[in-house]
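Counting along the sequence shown from 1, when you hit position 55 you're at 55 in the numbering used here, and nothing is skipped either side.
Worksheet: one structure, shown below.
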Amino acid sequence: MKSLLLGVINWYQQKGGGQFFFSVDCNYDPSCSEYTKQAIAKYGAFKGPRLGLKRIKRCNGRDIVTKEYDPLL
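In structure tokens form, the structure reads like this:
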């Protein structure tokens, strides 16, 4: 399951991520998809996606001028 989730995120990133699919750029560094990928790699297929979804919920503003640095802890 973990490798499937990581594969989907890699595909999403290779296709262009938020810019391609939603015409928006992530407001965080690392991007929400990269953050989710790191969370899945570190915490597994159950907790990782939950952390990623929490991060995506916080990313509610349109494109901002400066990205906020918010690494996975």
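For every residue, glycine included, the Cβ atom is placed at its ideal position computed from N, Cα and C.
If you follow the alpha helix (DSSP H) that residue i is in, where does it begin and where does it stop?
{"i": "Val8", "result": "2-15"}
{"i": "Ser33", "result": "32-58"}
Measuring CA to CA, which of the options is closest to residue i?
{"i": "Lys2", "options": "Tyr28, Glu68, Gln38, Phe20", "result": "Gln38"}
{"i": "Gly17", "options": "Ser31, Thr66, Leu4", "result": "Ser31"}
{"i": "Lys57", "options": "Gln13, Gln19, Tyr28, Leu4", "result": "Tyr28"}
{"i": "Leu73", "options": "Ile64, Thr66, Tyr35, Cys59", "result": "Tyr35"}
Which whole-angstrom value is the C-beta distance of residue i and residue j, which I expect to be below 8 Å?
{"i": "Gln13", "j": "Ser33", "result": "6 Å"}
Specify whether the stretch 3-16 and the stretch 38-58 touch according to this definition: at least 3 beta carbon pairs, one from each stretch, less than 8 Å apart. Because the criterion of three Cβ pairs below 8 Å is met, the stretch 3-16 and the stretch 38-58 touch.
For the stretch 40-50 against the stretch 14-32, do three or more pairs of beta-carbon atoms, one drawn from each stretch, fall closer than 8 Å, so that the two count as touching? No, the stretch 40-50 does not touch the stretch 14-32.
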